[in-house]
DNA sequence: TGAAATGTTGGGGCG
DNA sequence: ACGCCCCAACATTTC
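Numbering (my numbering), first residue to last: 1 to 482.
Shown next, in the form of structure tokens:
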């Protein structure tokens, strides 16, 4: 009987899993294997909280496999070495099935495995394989809108694959144990595992999707899907999400509901886009996608960086967002844009520092999506926000947290600040109310910081006038800016 | 998937 | 009645 190793990396699910499904369909013995790779676990981009989420997900997967007559085999070590030794234990002649993974490290790892061993890669990390949607001449898209049009015109995404009725796994294969985990209070906000992913998907479809287009930007509301950690580890099939979006579009009762379903599908396509960008341009992990943006002279002020990380910038929306991240491992998407804009444009710190910090804290931290989001915000990436698009943290707060509920939830020292001043407490007259004493004053003046970043970025964009701009930059060097 | 600066318009107060 | 100014409201341009 044939033996197939189902090498699990970021597809911790039984439902709609092409690599697993093909192994079961082949009538093979299936060995579900997860390799604890020290290179990934000890990476400077890794996150203890995300690791806990992964380990809890592996435990849940093991439990789900038990129901199918199988179990999870864990091994620790270099993937190629682990695979070699496991195959030797099994008497050789195994095939390996895995879902594609597109980070530069993953692609190198898989190439080295494929050079030695029969590795078959399957889709499943993305809805469409990351190199499938390209222009007619085979070159990759670097602008979202034409990419999404091409993505949508590729026709249906195929049917969902069923959960295997039974998975035939031989007994007696040695397995390592998971590291001891200390649970954190924040872990209960995002319980790990495929079953939880399905519950959340159902809740989103039943109660939130109809309002999604309007509610998704409101930081004070529970209006997003909050599925990102589950998509990150493949506890939810992105194809299942897309099929649900399409189904909602078909049965939409009115234009607003239709628009909401389309908006959600569009977000899933943004995810596909960033996987495609990373697969085609792996260097974006190291540097700005746009060549002319690579020489920006960042301020990289350590004190400002530290204040941003702690959520003590003096801008309530920014601080609420950072504290939400620290407390829960998740941040609202609108808040990600605001904090990243503030980081790169107001503080003028290299986007790679912020990208790394997000990776160290986000449960959904994913190389492709996180890098894409940061380069978009910094204006250095594909189809990026224009360099002059600088978010005003006060106006963003007023627009997307109109009563300041989000701010008050995460910045308790502003609890009793009146709505009028909640996004700009420094404007509060002394006699209005004596609150917010412990809250810091803004670490930068936004208007001044905006002028500075327009100059610094503008110098990159248009070098002709750099003479007079250099003089102005000297002025800013003397100004009170980090 | 901005915001600020600048331009235009039109109503109302006022001499 | 008329011109002038102010300025809110909206539109356009610029960064």
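Heads up, the beta-carbon is just placed ideally off N, CA and C, and yes, glycines get one too. None of the values given here were measured: they were computed from a predicted structure.
According to DSSP, residue 29 shares a beta bridge with 3. The Cβ atoms of residue 13 and residue 158 lie no closer than 7 Å to each other. For residue 267, the enclosing alpha helix (DSSP H) stretches over residues 255-280. Going by C-alpha positions, residue 60 is about 34 Å away from residue 339. For residue 353 against residue 305, the beta-carbon gap comes to about 6 Å, under 8 Å, which counts as contact.
No residue range can be given for residue 13, since it is assigned to no alpha helix (DSSP H) and is classified by DSSP as neither H nor E.
Within the model, the alpha-carbon separation for residue 165 versus residue 271 is close to 31 Å.
Here residue 76 is not near residue 40, since their CB atoms are 7 Å or more apart. Counting only runs that start and end inside the region 315-343, the alpha helix (DSSP H) elements of at least 4 residues fall at 316-328 and 333-341. In the structure shown, residue 8 falls within a strand segment according to DSSP collapsed to helix, strand and coil. According to the DSSP assignment, residue 84 belongs to no beta strand (DSSP E) but to the alpha helix (DSSP H) extending over 79-89. A distance of 7 Å or more separates the beta carbons of residue 16 and residue 178.
Assignment of residue 294 by DSSP, reduced to helix, strand and coil, places it in the coil class. The straight-line gap separating the alpha-carbon atoms of residue 220 and residue 414 is approximately 15 Å. Where residue 97 is concerned, the enclosing beta strand (DSSP E) starts and stops at 94-99. Within its own chain, the residues whose Cβ lies closer than 6 Å to the Cβ of residue 394, once the five positions on either side in sequence are excluded, are 423 and 424, listed in chain order.
Following the DSSP letters along the chain, one finds residue 232 in no beta strand (DSSP E) but inside the alpha helix (DSSP H) bounded by residues 228-232. In the three-state reduction of the DSSP assignment, residue 34 falls in the strand class, which pools E and B.
Within the same chain, Cβ atoms closer than 6 Å to the Cβ of residue 87 are found at 94, the five residues on either side in sequence being excluded. DSSP lists 97 as the beta-bridge partner residues of residue 120. Residue 452 sits in a helix when the DSSP states are folded into three classes. Boundaries of the beta strand (DSSP E) harbouring residue 76: 73-76, taken from the DSSP string. A direct Cα-to-Cα measurement between residue 400 and residue 377 gives close to 17 Å. DSSP, read as helix, strand or coil, puts residue 145 in helix. The criterion of a C-beta distance shorter than 7 Å is satisfied by residue 127 and residue 242. Counting only runs of 4+ residues, the alpha helix (DSSP H) found wholly inside the region 158-228 occupies 194-203 and 212-215, in chain order. Pairwise C-beta distances place the region 340-347 out of contact with the region 195-213, as fewer than three of them are shorter than 8 Å.
Residue 132 sits in coil when the DSSP states are folded into three classes, being neither helix nor strand.
By the Cβ test, the region 41-54 is in contact with the region 360-372, since at least three Cβ pairs between them sit closer than 8 Å. Look at residue 359 here: in three-state DSSP terms it is helix.
Between residue 457 and residue 387, the CB-CB gap stays under 7 Å. Around the beta-carbon of residue 223, 16 or more other beta-carbon atoms lie within 10 Å, marking it buried. Between residue 453 and residue 348, the gap from beta carbon to beta carbon is short of 7 Å.
Annotation: residue 319 to residue 204 spans about 27 Å, alpha carbon to alpha carbon.
Counting other Cβ atoms within 10 Å of its Cβ, residue 229 reaches 16 or more and is therefore classed as buried.
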